[in-house]
Each structure stands twice: as C-alpha cells, then as structure tokens.
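Take a look at the structure set out below.
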Amino acid sequence: MSCTRILPGRACWPTPIRFCATLVSVNRSAGTNSSGSGNGKDPKKIVGGIAGVAVALVAGYFGLDAATSDDPAQAVDSASGDSCAVDTLPSEADGVIDTILDGGDFDHPDHDGKHFGNYEGVLPQESNDFYREYTVETPGLDHRGARRIVVGGGTHTDPDIWYYTSDHYDSFCEIPDAED
Numbered sequence: 175m176s177c178t179r180i181l182p183g184r185a186c187w188p189t190p191i192r193f194c195a196t197l198v199s200v201n202r203s204a205g206t207n208s209s210g211s212g213n214g215k216d217p218k219k220i221v222g223g224i225a226g227v228a229v230a231l232v233a234g235y236f237g238l239d240a241a242t243s244d245d246p247a248q249a250v251d252s253a254s255g256d257s258c259a260v261d262t263l264p265s266e267a268d269g270v271i272d273t274i275l276d277g278g279d280f281d282h283p284d285h286d287g288k289h290f291g292n293y294e295g296v297l298p299q300e301s302n303d304f305y306r307e308y309t310v311e312t313p314g315l316d317h318r319g320a321r322r323i324v325v326g327g328g329t330h331t332d333p334d335i336w337y338y339t340s341d342h343y344d345s346f347c348e349i350p351d352a353e354d
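Heads up, the sequence shown is in our numbering, so the first residue is 175 and it goes up one at a time.
Now the structure itself:
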C-alpha cells in the first residue's frame with residue numbers, strides 16, 4: 175500500500191486516508207491559502223465550528239434540551255412520555271374527554287372513536303385494535319388539525335389509558351386524571 179505525507183515531518187499515512195486527511199490538514203501559514211493570498215479559512219474558526227457541532231450532537235444524544243421550560247403546557251409537546259394533567263391541556267380536550275366518557279356524538283364521526291394504528295411506534299406496542307383516536311378541535315382551523323386524544327384498552331366509554339398529542343402523533347403525553 176502506498177503512503178502519503180500529510181505535513182512535512184509527519185508520519186506517512188496510507189493512501190486511502192488521503193482524502194480525509196486533506197480535509198483536516200492546515201497550511202502552516204494560518205489564514206492564507208496555498209498561494210499565500212490571505213483568502214484561506216481561519217483554522218481556529220473551523221476547529222471551533224467542528225467543536226460546536228460535536229457539543230450539539232452529544233447534547234442531543236443525551237437528551238439535553240436548551241429550550242426546557244417550567245411551563246406545564248410544555249409537557250404536551252414532550253416526546254419523552256411525560257404526563258399532562260387535564261388542566262394543562264387545551265380546553266377543547268376536556269370537552270372531548272367528557273364526550274368519550276358519555277359515549278356521545280363526536281364532531282368527526284368518520285374518524286373519532288376509530289382505530290389508531292400507532293404506525294409511528296411512539297406509544298407502547300399493543301394489539302392492532304387497542305388504540306382509538308379522537309379529534310381535539312383547534313379554534314380557527316377549517317379541518318381536523320393536529321391535536322388528538324388517543325385512548326387504549328377498556329371500552330369505548332371507559333378506556334384503560336389516555337394520551338394527548340398536539341403534533342399529530344410525533345409526541346404524546348399520558349393523561350393520568352382523565353377520568354377524575
């Protein structure tokens with residue numbers, strides 16, 4: 175295997191690494207390109223940018239979020255499986271909960287109370303007929319919008335578990351006090 179010297183006085187690297195090494199090699203006269211014209215990138219800025227990206231990736235991997243808040247309504251948008259009390263949900267959700275418990279008429283009978291497939295896999299995996307979904311109206315919209323209550327198990331008027339999503343199934347929070 176042939177070898178490539180990256181910088182003078184440095185060890186010889188195998189040729190397949192040449193491309194990657196070229197990306198990270200730096201001209202000894204920092205701030206200039208190979209012609210010395212001064213139009214090159216500042217290596218300190220490049221290294222700083224790479225370090226910033228690395229920190230962001232590590233923070234994302236460990237679930238650190240710079241946009242955390244003490245606002246209880248933020249639990250609604252959490253994808254971590256948080257719980258959200260009924261009084262933290264939009265007022266329209268409370269009405270849907272009452273209608274479910276009463277077995278009443280729904281605004282969207284072709285969709286409400288019907289099968290929810292959990293195709294995104296965000297909720298715990300259950301049998302195919304376990305989950306049912308209900309529309310939570312969003313004022314000002316002329317369509318169903320993204321807000322839903324998804325229930326699981328039990329009966330149509332007495333579900334075993336309750337979830338709310340404000341982002342059309344990207345994240346859910348469990349509603350522990352839905353039947354209180």
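Note that the Cβ used here is the ideal one computed from N, Cα and C, for glycine as well. Remember, predicted model here, so these are calculated numbers, not experimental data.
_Three-state class that DSSP yields for I224 in the structure shown_ = Here residue 224 refers to the residue found at position 50 of the sequence shown. If DSSP states are grouped into helix, strand and coil, I224 belongs with the helices.
*Are A320 and D354 closer than 8 Å when you measure CB to CB?*
One-based indexing of the sequence shown puts residue 320 at position 146. One-based indexing of the sequence shown puts residue 354 at position 180. No, these two residues do not count as a Cβ contact at 8 Å.
*Per DSSP, the bridge partner or partners of E348*: By one-based count along the sequence shown, residue 348 stands at place 174. Note: E348 sits in a beta bridge opposite S257, Y337.
*With DSSP run on the structure shown, which of helix, strand or coil describes V310?*
Start at 1 with the first residue of the sequence shown, and residue 310 comes out as number 136. Reduced to three states, the DSSP call for V310 is coil.
*Do you know whose CA, among Y338, D316, R318, I220, lies nearest V324's CA?*
Within the sequence shown, numbered from 1, the residue matching residue 324 stands at position 150. Checked all of Y338, D316, R318, I220; the closest Cα to V324 is Y338.
_Please return the same chain residues whose Cβ sits closer than 8 Å to the Cβ of L297, not counting the five positions on each side in sequence._
Translated into positions along the sequence shown, residue 297 becomes position 123. Counting only Cβ-Cβ distances below 8 Å, and skipping sequence neighbours, we find Y305, V324, G326, Y337, F346.
*For I224, is the classification buried or exposed, using 16 other Cβ atoms within 10 angstroms of its Cβ as the cut-off for buried?*
Indexing the sequence shown from 1 puts residue 224 at position 50. Exposed.
*Close-in-space but distant-in-sequence residues of the same chain around T331 (CB under 8 Å, 5 per side omitted)*: Position 157 of the sequence shown, counting from 1, holds the residue named residue 331. So the qualifying residues of the chain are I274, L275, D276, G277.
*Leaving aside the five residues before and after E348 along the sequence, list all residues of the same chain whose C-beta is less than 6 Å from its C-beta, in chain order.*
For the purposes of this step, residue 348 is identified with residue 174 of the sequence shown, where counting begins at 1. The residues are S257, Y337.
*Would you mind stating whether G291 and Y308 have Cβ atoms separated by less than 8 Å?*
Here residue 291 refers to the residue found at position 117 when the sequence shown is read from its first residue. Here residue 308 refers to the residue found at position 134 when the sequence shown is read from its first residue. The answer is no: Cβ separation not under 8 Å.
_I'd like the list of long-range same chain contacts for H282, defined as Cβ closer than 7 Å, with 5 residues on each side in sequence excluded._
Counted from its first residue, the sequence shown places residue 282 at position 108. For H282, where only same-chain residues beyond five positions count, the Cβ hits under 7 Å are T309, R318.
*asked:* Measuring straight from C-alpha to C-alpha, what distance separates D261 and I271?
replied: Along the sequence shown, read from residue 1 onward, the residue named residue 261 stands at position 87. Along the sequence shown, read from residue 1 onward, the residue named residue 271 stands at position 97. If I take the Cα positions, the gap works out to 12 Å.
*Is E294 closer than 8 Å to Y343 when the C-beta atoms are compared?*
Translated into positions along the sequence shown, residue 343 becomes position 169. Translated into positions along the sequence shown, residue 294 becomes position 120. Their beta carbons are under 8 Å apart, which means Y343 touches E294 by this criterion.
*Compare the C-alpha of H285 against each of R322, P333, G328, I335 and name the closest.*
Counted from its first residue, the sequence shown places residue 285 at position 111. Closest by alpha carbon: R322.
*Return yes when the Cβ of D303 is within less than 8 Å of the Cβ of H289, no when it is not.*
The residue you call residue 289 lines up with position 115 of the sequence shown. The residue you call residue 303 lines up with position 129 of the sequence shown. Taking 8 Å as the Cβ cut-off, H289 and D303 qualify as a contacting pair.
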